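In case it helps, the working numbering puts the sequence shown at residues 634 to 1407.
Ideal Cβ placement from N, Cα and C applies to all residues, glycine included.
Predicted model only: the values in this text are computed from it and were never measured.
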Amino acid sequence: MRQPINSPRPGPLPSRPQRQRGRRLREFLAGSILIAMFGVLLAIQAPTADAYAGAPWFRPGVPYTQNFPDPTVVRDGSTYWAYATSTGGSLMPAMSSVDLVTWIPRPAYRPNPYNSDPYFNDSFPVPPRWTKGGTSRTNKAQWGPGVAKFGDRWVAFTSWEVGGSRRCISMATAASPAGPFTDDSDAPFQCDADPDGSIDPEPFIDTDGSAYLLWKSAGIPGSTPTRLWSRRLSPDGRSFAFLSSPHLLLATNPGTFINGIPQEDTWEGHGIENPSMAHQSGSYWLAYSANEWRSGDYRTGQARCDGPMGPCFRSASAPLLPNTGSELGRGGASMFVDRSGQLRMINHSWNAPYTDYPADPNCDSAGLCASHGQRRAHLQPLVVVDGALRVGSESAPMFVRPGGLVSMNPVRLLDTRETGRCVDGSNQQLRISSSNGIPHDAVAVALNVTATEATAPGYLVIWPTGQPRPNSSNLNFVSGQTIPNMVTVKLGSGGSINLATNQGCPNIIVDIAGYYTAGATTPGGFVGISPLRALDTRISGPCVGSLPRSLTVRGGGRGIPADASAVALNVTVTEPSAAGFLTVWPTGAARPTASNLNFEAGQTVPNMVTARIGTDGRIDIASNQGCPHVIVDIAGYYTAWTPSTIGSGGFVGLTPTRALDTRVSGPCVGSEPRRLVIAGRFGIPSNSNSGVPGVSAVALNVTVTEPSAPGFVTVWPSGRTRPNASNLNYVAGLTVPNMVIVKVGSDGAINLMSNAGCPNIVVDVAGYFTSPAD
């Protein structure tokens, strides 16, 4: 249980000179005393960190590595913000990082409207009036904060004492993740009837944009268990949703009772707390802490949940985070997704061998305290293995310049077979930003979209929310067919997109492959547009045969600038008279041995194509036979670049190059991962060349052919867990193409795997996205 302020032992006091300095400041500030966590009295001017072993001063602008209990992390674009239980002179300390390595406390207020302290940097400067002692900061602390962004406001949920050991939850808002957060209410946001009330609130935003608040109620010893709850929030996060109610996620195991006394049958002891939820690999995961906080027995557990309101079931009998030689009591954990799509956990632990704060402020004869007990924050990646969370291998997060692609391990965003709402002619809105690792200010996304179980032939349109429905299509389907397509789409109002069909009501599956960052687009960056039809040979004629058909894609009033380097297209073949394939390449370059769409006679097939723009702003299109009609819609473009100016995540278009054809090389691709080395081959740079931008992701055209049974193919980064996602769906005997944007693993390779049918696979490289130069 994390109740340090009620510790029977008083916290450390400042040394004598600091007490004198603190007394002068108290007189000057008329009683504006800052009380830190665990009863630690802090002077307002800058003391030395060694004077406060339990809670070193949280100094503005100076990197911080010390006491930071019950940490939580949120992301604001390319910046991460971390918050903790009261410590270091701040009721809610806040610090930021761009690399998840160096953390900087928020700046001091300039000007400071709260007091005369030139270093004052608390993100929650004034306690709620309903707390014990009202708005006074004296002897105050908040516990286990959780923060999220709703619309244009940031909302912080915190817990505060209201009397005795009873705590209740506050809801406070701010215009910035740095605060100041304010709660002007007259009553708590949530307060359970249990004697100890409610604590450890944390918001969770689901893949569909719905939000929930998780928290702990302590129960009554010997009567009711400690319980973790979830309740849906309103869209702005400032109230509970209308007619919503709390749902039980998880409770303590009652254990065995001997003479009426519960026994500790598991590592959890008598209490669980600190709930945190994430959606990863198609499942909902709950992390929680258990046992006595002031001991090495305090650990982090995990459970798998049926949904954001549970119920949840423990997915492992042992703690997720065991003790190490240097870290004890690894708990207080919170999960988040970084900008590469990696699920991560931040937690605190005691610096071994200590499991408590120092009893004596002097600590030793020299007055040094830095080596004594603190709960310090640590980060680690998480992966899903065999139905449970595990700590994964670390890889450094990449900084991507504005307009660049942040590639991700694929994540499933929508499956209407599970939600029960197929996609028809009415606009179905899908919120994408602020969920599944996509930041709220992302400008566009790379999706793999699959239509299945269609009741009639038709097509699917995807476009930015808030803009008129365009005269374009992304997938064409027939009754009963399953067909995938890559879609790059600009995000509209509220970070959302719209989906609609012209007829029928197919089920739709959406997997996220990456997103494009906000800001003034840098060289090689992507600019999304509302889809624009550039060609429809059914209207203009003639059909596209074996002679190259040249198409101007930049200039000409289409909104594509004259110096654009590449375009993102959706290309559809329809009404072919014979089976064949279509190739798209830059005008002026030799026709490559590659394909973008494969088709059968009479079949309609769409595919996304990312093409480098050639001579005079044009691309060439040709089929090998069958003279099909071709429809081309433009989804966006990549800006001009040079080797010295291209930014991280910028796109380098290539003349398509064949990287794999298992019909020639063998073997077919079955249920064991097939590793394909990409970096350093096919015109793609190696990541080992110092001073030269490397590769972070590749744009591929992947074709399945000659499958013996229906199934799907998944493509993902080498070294990562296979995701719950698909890139191509096929039936026996059918040839299916799809564009794939996939992150390259740390070894410069990708994996391919099918679930059934052992098809042959053809892979053509269209270009790559850069990583920073060493």
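Nearest to residue i (by Cα), restricted to the options the options
| i | options | result |
| --- | --- | --- |
| R631 | S950, G940 and C938 | Since the displayed the chain opens at 634 and closes at 1407, residue 631 lies outside it and no answer follows. |
| V1082 | G694, M1241 and V1039 | M1241 |
| T1290 | G1127, P1306, N1257 and I1317 | I1317 |
| Q1013 | Q1007, G1006, G1025 and A1021 | G1025 |
| T1336 | V1369, T1354 and Y1363 | V1369 |
| P1239 | V1044, Q1061, F1110 and Y1401 | F1110 |
| S729 | V1017, T705, G1344 and S1379 | T705 |
| N745 | D755, W736 and P738 | D755 |
| S1359 | A1223, I1145 and G1400 | I1145 |
| S809 | T857, L846 and Y713 | Y713 |
| V1204 | T1295, H1073, P1101 and F1232 | F1232 |
| T1275 | A1342, A1197 and S1304 | A1197 |
| F814 | A1021, L846 and F757 | F757 |
| V1396 | M1372, T1248, G766 and G1058 | M1372 |
| V788 | T735, A851, L866 and T857 | L866 |
| Q775 | P726, R786 and P740 | P726 |
| N1362 | R1054, N980, S1059 and V1143 | V1143 |
| R1296 | T1237, S1351, F837 and T1338 | T1338 |
| S916 | L1309, A1365, E835 and L1047 | L1047 |
| Y1148 | G1037, S818 and D1169 | G1037 |
| P1156 | A1079, A781 and Y1270 | Y1270 |
Reduced DSSP secondary structure (H/G/I, E/B, other) of residue i
| i | result |
| --- | --- |
| R932 | strand |
| G672 | Confidence at G672 is low in this model, with a pLDDT of 30, below 50, so the placement of that residue is unreliable and no value is reported for it. |
| R1050 | helix |
| R1314 | coil |
| G1213 | strand |
| G1249 | A small correction: the amino acid at residue 1249 is Asp; Gly does not occupy that position in the sequence shown. Note: D1249 maps to helix in three-state DSSP. |
| P1171 | The amino acid occupying residue 1171 in the given sequence is Arg; Pro does not appear at that position. Here R1171 sits in helix by DSSP. |
| S711 | coil |
| E1027 | With a pLDDT of 49 at E1027, under the threshold of 50, the modelled position of this residue cannot be trusted; read the value that follows with caution. Coil, per DSSP. |
| P908 | strand |
| A828 | Residue identity check: residue 828 is Pro in the sequence provided, not Ala. If DSSP states are grouped into helix, strand and coil, P828 belongs with coil. |
| A1273 | coil |
| D732 | coil |
| L1385 | strand |
| M1041 | strand |
| A717 | coil |
| W900 | coil |
| S1404 | strand |
Residues bridged to residue i [DSSP beta-bridge criterion]
| i | result |
| --- | --- |
| A774 | Bridge partners of A774: none, in fact. |
| C605 | Any question about residue 605 goes unanswered here, given that the chain covers just 634 to 1407. |
| K1376 | A1330 |
| P1097 | I1130 |
| M1241 | N1203 |
| V1395 | D1294 and T1336 |
| F946 | R937 |
| Q823 | I802 |
| P1370 | T1336 |
| H1262 | T1207 |
| T1185 | R1251 |
| D1144 | R1045 and N1081 |
N-terminal and C-terminal residue of the alpha helix (DSSP H) that residue i is part of
| i | result |
| --- | --- |
| S809 | No alpha helix (DSSP H) contains S809, which DSSP labels as neither H nor E. |
Range covered by the beta strand (DSSP E) that runs through residue i
| i | result |
| --- | --- |
| R1064 | Q1061 to R1064 |
| R963 | E960 to V970 |
| V1285 | F1284 to D1294 |
| Q1013 | R1008 to V1018 |
| K765 | Note, K765: premise wrong, no beta strand (DSSP E); not H, not E. |
| W787 | R786 to G796 |
| R860 | R860 to R865 |
| S982 | L976 to N984 |
| N1118 | I1116 to K1123 |
| H880 | H880 to A884 |
| S1359 | Here S1359 belongs to no beta strand (DSSP E), and DSSP marks it neither H nor E. |
Any non-hydrogen atom of the ligand NAD within 7 Å of residue i CB
| i | result |
| --- | --- |
| T1278 | In terms of ligand content, the structure shown is empty, and the ligand NAD therefore cannot be addressed. |
I'd like to know if the region 904-913 and the region 850-861 are in contact, where contact means that at least 3 CB-CB pairs between them fall below 8 Å. yes
Tell me, please, whether the region 1120-1128 touches the region 1051-1068 by the rule of three or more beta-carbon pairs shorter than 8 Å. yes
Contact between the region 1085-1095 and the region 1129-1136: three or more CB pairs below 8 Å? yes
Are the region 1170-1188 and the region 1275-1292 touching, with three or more C-beta to C-beta distances below 8 Å? no
With three or more beta-carbon pairs closer than 8 Å as the criterion, would you say the region 1308-1317 touches the region 1218-1233? no
Report yes or no: do three or more beta-carbon pairs, one from the region 793-800 and one from the region 757-768, lie closer than 8 Å? yes
Mind the definition here: the region 1293-1307 touches the region 1248-1255 only if three or more C-beta pairs lie below 8 Å; say whether that holds. No, the region 1293-1307 does not touch the region 1248-1255.
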